[in-house]
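Below: one structure, written as structure tokens.
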Amino acid sequence: MILTPYQQNDPLDQAVLTIDLAALIANYHWLDKQAGKAETGCVVKANAYGLGVGEIAETLLEAGCQTFFVAQAKEGKTLREVTKTATIYILNGLPIGSAAWLAKHELRPCLNAPAELAEWAAFCEAEKQAYPAALHIDTGFNRLGFSEAELAALAEIDSHFTPSLIMSHLACADMSDHPMNATQLARFQNAIKHFPNSKASLANSAGILLGDAYHFDMVRAGIGLYGSMPYSDEKQGQRGQQKQKAQHEQKGQQEQQGQHARAQLQPVITLQAPILQIRTVKAGETVGYGAGFTAEKNMRIAILAIGYGDGYMRQISETRPPFAQAAYNGTQLPIIGRISMDLLAVNISALPEAQAQRGTLLELIGAQIPLDETAQQAGTISYEILTRLGTRARRVYKA
Ligand SMILES: *Cc1c(COP(=O)(O)O)cnc(C)c1O
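293 is the number of the first residue of the sequence shown in the working numbering; add one for each residue after it.
Structure (structure tokens):
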């Protein structure tokens with residue numbers, strides 16, 4: 293993505309989060325292709341991983357998505373205002389006493405426990421209508437879902453209940469050779485025998501890449517749509533995504549690495565922040581809170597209008613260079629000193645003076661600095677970085 297000159301933006305903007313909708317669509321189609329015959333449902337919980345559920349869902353609808361998953365009931369209602377027709381599942385299940393409210397908004401709970409099913413069934417009976425709902429089976433994650441015993445009991449008591457979807461969630465899909473995957477698969481295959489007329493769904497983004505056996509009728513793609521596919525089982529070296537991109541450009545070469553097909557996803561977000569001022573720091577002087585950085589020689593530094601209050605996590609500055617970096621036109625620029633709430637400092641000595649001025653936008657995440665690498669620097673995962681960004685930054689959607 294080409295850097296947008298600050299002058300073309302609203303000068304009142306501080307950080308700018310650009311969301312490449314064409315890349316989102318390309319990622320959707322790529323994941324959908326990997327999922328074979330299975331329908332590709334899209335997970336847009338937490339405001340579409342922080343990227344704005346309205347724009348993201350509208351784009352995915354146009355790309356062909358018909359089924360969405362959100363975490364919370366209220367997220368479902370927000371999404372219902374975007375689409376009257378798409379199927380919407382609530383992953384966190386049925387909030388107490390909310391069956392009528394969900395039905396009114398045509399939201400389908402993922403019934404996670406016998407108490408939720410009992411409440412939903414009582415509502416359906418009172419209304420004399422079988423409102424659709426999913427049944428979530430726990431196959432070893434031990435988070436939400438019916439246990440094996442609860443499922444067996446259910447099959448005995450209520451053989452009439454036909455969930456619109458029977459689902460489970462993989463704990464270790466990002467580790468392709470983890471034995472948990474096969475264990476969960478086997479348990480899921482057993483569980484769905486009780487419900488021959490229900491659609492079945494097991495795989496998240498990483499699960500899609502575990503192969504056909506994991507696809508069933510529907511996959512639930514989240515993070516992959518947003519351009520990240522972290523594997524715990526293969527240490528992506530520096531600039532891992534750029535290597536992926538290079539591979540992507542060598543068309544059609546779908547290399548197998550381990551059991552995972554290598555993800556060919558495009559970066560979706562670019563995070564930029566403007567330079568507020570440029571100053572010269574003399575050798576021996578320090579920069580920032582705790583005098584955390586000492587200049588070894590004279591340098592030019594830029595103070596950027598972004599900090600942890602924008603979701604650009606403070607831990608990033610606790611890792612030593614060459615990790616934390618900003619970039620401009622292909623030049624990598626180290627972040628120096630501690631990231632503060634609203635500001636951070638970048639050593640821009642490597643840039644010609646004419647290039648970096650007050651108002652110039654520097655990249656913090658994007659084509660030059662992969663999201664997954666930033667997450668690694670912050671000691672977290674891309675999911676957490678994404679959900680923290682986008683509250684204070686202006687979100688700009690690029691068609
Ligand atoms: C969040 C979530 C997903 C999507 O996972 P990704 O790793 O983002 O693809 C799928 N299923 C469930 C139950 C989830 O909670």
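We put the CB at the ideal spot given by N, CA and C, even for glycine.
Thinking just about the alpha-carbon of each residue, which of the options is nearest to the one in residue i?
i: Arg-435; options: Phe-415, His-461, Gln-668; result: His-461
i: Leu-517; options: Gly-333, Gly-389, Leu-494; result: Gly-333
i: Lys-690; options: Ala-474, Gly-651, Gly-599, Ile-561; result: Ile-561
i: Glu-347; options: Glu-448, Ile-317, Arg-400; result: Ile-317
i: Leu-323; options: Gly-368, Pro-303, Glu-419, Ala-498; result: Ala-498
i: Leu-477; options: Cys-464, Pro-488, Gln-607, Asn-489; result: Cys-464
i: Asn-283; options: Leu-353, Lys-491, Met-459; result: Residue 283 is absent from the model: the chain starts at 293 and stops at 691.
i: Met-591; options: Ala-637, Ile-608, Ala-555; result: Ala-637
i: Cys-402; options: Phe-438, Tyr-600, Lys-574, Glu-373; result: Phe-438
i: Pro-488; options: Met-467, Thr-454, Asp-469, Ser-520; result: Thr-454
i: Gln-564; options: Gln-556, Ala-555, Ile-570, Gly-603; result: Gly-603
i: Ala-392; options: Gly-651, Phe-415, Ala-445; result: Phe-415
i: Ser-456; options: Ala-474, Ala-425, Gln-647; result: Ala-425
i: Ser-556; options: Ser-520, Val-374, Ala-445, Lys-396; result: First, the residue type needs correcting, since residue 556 is Gln and not Ser in the sequence shown. For Gln-556, the nearest C-alpha among the options comes from Ser-520.
i: Tyr-423; options: Pro-406, Glu-398, Ile-382; result: Glu-398
i: Lys-366; options: Ala-648, Cys-357, Asn-339, Leu-353; result: Asn-339
i: Arg-606; options: Thr-652, Gln-669, Gln-647; result: Gln-669
i: Glu-419; options: Ala-407, Lys-396, Leu-427; result: Lys-396
Name, in chain order, the residues that DSSP records as bridge partners for residue i.
i: Gln-326; result: Paired residues: none, contrary to the question.
i: Ile-628; result: Ala-637
i: Ser-493; result: Met-459, Met-510
i: Pro-566; result: Leu-653
i: Arg-571; result: Ile-593
i: Ala-426; result: Cys-402, Leu-457
i: Phe-585; result: Val-579
i: Gly-333; result: Arg-512
i: Lys-376; result: Paired residues: none, contrary to the question.
i: Thr-359; result: Thr-379
i: Thr-683; result: Paired residues: none, contrary to the question.
i: Phe-438; result: Ile-429
i: Ile-561; result: Ile-311
i: Thr-623; result: Tyr-620
With the cut-off set at 8 Å, would you say residue i and residue j are in Cβ contact?
i: Gly-629; j: Gly-584; result: yes
i: Leu-371; j: Glu-411; result: no
i: Gln-660; j: Ala-594; result: no
i: Val-345; j: Gly-514; result: no
i: Leu-502; j: Phe-480; result: no
i: Thr-578; j: Thr-586; result: yes
i: Leu-443; j: Ile-429; result: yes
i: Pro-662; j: Pro-559; result: yes
i: Ile-608; j: Thr-666; result: yes
i: Ala-349; j: Phe-361; result: no
i: Ala-378; j: Lys-337; result: no
i: Asp-466; j: Tyr-523; result: yes
i: Ser-632; j: Tyr-675; result: no
i: Leu-309; j: Gly-682; result: yes
i: Asp-634; j: Gly-658; result: no
i: Leu-678; j: Tyr-341; result: yes
i: Arg-650; j: Ile-570; result: yes
i: Ala-355; j: Val-511; result: no
i: Gly-432; j: Thr-475; result: yes
i: Asn-639; j: Leu-625; result: yes
i: Asp-509; j: Ala-492; result: yes
i: Ala-314; j: Arg-684; result: no
i: Ile-382; j: Gly-368; result: yes
i: Thr-672; j: Leu-643; result: no
Which residues mark the beginning and the end of the beta strand (DSSP E) in which residue i is found?
i: Tyr-620; result: 617-620
i: Ala-355; result: Premise fails: Ala-355 lies in the alpha helix (DSSP H), 345-355, not in any beta strand (DSSP E).
i: Asp-602; result: It is not in any beta strand (DSSP E) - Asp-602 carries neither H nor E in the DSSP assignment.
i: Tyr-381; result: 379-382
i: Phe-480; result: Segment 471-484 is the alpha helix (DSSP H) holding Phe-480; no beta strand (DSSP E) there.
i: Lys-690; result: 686-690
If you follow the alpha helix (DSSP H) that residue i is part of, which residue opens it and which one closes it?
i: Thr-666; result: 663-669
i: Thr-679; result: 674-680
i: Leu-309; result: Premise fails: Leu-309 lies in the beta strand (DSSP E), 308-312, not in any alpha helix (DSSP H).
i: Lys-396; result: 391-396
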